[in-house]
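*Asks:*
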Amino acid sequence: MKNHEKYMQIALAQAHEALEQGEFPVGAVFVHQDQIVASGKRLHTREQTESVNEIDHAEILALRDLLAKDSAIPMGEIVVYATMEPCLMCYSTMLLNGIRNIIYAYEDVMGGGCNLPLERLNPLYAEMKVCVTPHMFRQQSLELFKQFFSNPENLYWKDSLLANYTLSQ
Numbered sequence: 002m003k004n005h006e007k008y009m010q011i012a013l014a015q016a017h018e019a020l021e022q023g024e025f026p027v028g029a030v031f032v033h034q035d036q037i038v039a040s041g042k043r044l045h046t047r048e049q050t051e052s053v054n055e056i057d058h059a060e061i062l063a064l065r066d067l068l069a070k071d072s073a074i075p076m077g078e079i080v081v082y083a084t085m086e087p088c089l090m091c092y093s094t095m096l097l098n099g100i101r102n103i104i105y106a107y108e109d110v111m112g113g114g115c116n117l118p119l120e121r122l123n124p125l126y127a128e129m130k131v132c133v134t135p136h137m138f139r140q141q142s143l144e145l146f147k148q149f150f151s152n153p154e155n156l157y158w159k160d161s162l163l164a165n166y167t168l169s170q
């Protein structure tokens, strides 16, 4: 796959848009054969709304977008670009849907799922061959998270391990 930088920049633009809307700055772009087939940004993290939840992650929304298109794209050929390491929920959901290539920018020291030792789990996961590439445009993503956690209006994960780690970078 060519153009890794191009697609991560698009994911970063999604994250920046989320940040501008007061949301946690995560963006995800799903690419197949140098074409964006789905994308998403984190939603419903603002405490001021009634719909705050831990389901509307960027990767889940992008996956829902892709599946809604009734696409015949082989999931194993999709490359996911995410501005933050997918959490355990997103990582396992993508794996169960056949996605095996993930590139992310900033590590999630609190809830990242990409270090999950698949080979030690049951056969469903143990036999999966997954390619994870960390830290593409890490600094650019880190800056978005620093902006988010520095804003006193943003309460999502305030004073968490992730917030403290991010602000110490």
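For the sequence shown, position 42 (counting from the first letter as 1) is numbered 43 according to this note's numbering, and the numbering increases by one without interruption.
Each residue gets a CB set at the ideal place from its N, CA and C atoms; glycine is no exception.
1. On the DSSP letters alone, give me the boundaries of the alpha helix (DSSP H) that Q148 sits inside.
2. On the criterion of 16 or more Cβ atoms from any shown chain inside 10 Å, does R43 qualify as buried, or is it exposed?
3. Below 8 Å CB to CB, which residues in the same chain sit around A164 once its five sequence neighbours on both sides are set aside?
4. If you compare alpha carbons, which of M137, V133, R101 and L156 is closest to N4?
5. Entirely within the region 53–139 and at least 4 residues each: give me those alpha helix (DSSP H) ranges in chain order.
6. Report the three-state DSSP secondary structure of H45 (helix, strand or coil).
7. Please go through the same chain and pick out, in chain order, the residues whose beta-carbon is closer than 6 Å to the beta-carbon of G113, but skip the five residues on each side of it.
8. Smallest Cα separation from A59: which of A106, C115, A83 and N102?
9. So, at 6 Å on beta carbons, what are the nonlocal neighbours of L89 in its own chain, with the 5 sequence-adjacent residues on each side left out?
10. Shortest alpha-carbon distance to K147 belongs to which of Y107, P124 and Q49?
11. What residue from L13, I56 and N116 has the CA that sits closest to V131's CA?
12. Answer yes or no: do F47 and G77 have a C-beta to C-beta separation smaller than 9 Å?
13. Check whether the Cβ atoms of V32 and I79 lie closer than 9 Å to each other.
14. Under a three-way DSSP split, which group does Q15 fall into?
*Replies:* For this structure:
1. Within the sequence shown, residue 148 is the residue found at index 147, counting from 1. It spans R139 to S151 - the alpha helix (DSSP H) in which Q148 sits, taken as one unbroken run.
2. The residue given as residue 43 occupies position 42 in the sequence shown. R43 should be labelled buried.
3. Here residue 164 refers to the residue found at position 163 when the sequence shown is read from its first residue. Cβ neighbours of A164 beyond the five flanking positions: F150 and W158.
4. Residue 4 sits at position 3 when you count from the first residue of the sequence shown. The residue from M137, V133, R101 and L156 with its alpha-carbon nearest to that of N4 is M137.
5. 59–69, 89–97 and 124–127
6. Counted from its first residue, the sequence shown places residue 45 at position 44. H45 falls in the coil class under three-state DSSP.
7. By one-based count along the sequence shown, residue 113 stands at place 112. Excluding positions up to five away in sequence, the list reads E86.
8. The residue labelled residue 59 in the question sits at position 58 within the sequence shown. Among A106, C115, A83 and N102, the Cα nearest to that of A59 belongs to A83.
9. Numbered from its first residue, the sequence shown carries residue 89 at position 88. These residues qualify, in order along the chain: G114.
10. If you number the sequence shown from 1, residue 147 lands on position 146. If we check each option's Cα against that of K147, Y107 comes out closest.
11. Numbered from 1 along the sequence shown, position 130 holds the residue referred to as residue 131. Per the Cα distances, N116.
12. On the sequence shown, position 46 is the one that residue 47 refers to. On the sequence shown, position 76 is the one that residue 77 refers to. The residue you asked about is not Phe; residue 47 is Arg in the sequence shown. Result no, Cβ atoms of R47 and G77 do not sit closer than 9 Å.
13. Position 31 of the sequence shown, counting from 1, holds the residue named residue 32. Position 78 of the sequence shown, counting from 1, holds the residue named residue 79. A contact, by the Cβ cut-off of 9 Å.
14. Position 14 of the sequence shown, counting from 1, holds the residue named residue 15. Q15 falls in the helix class under three-state DSSP.
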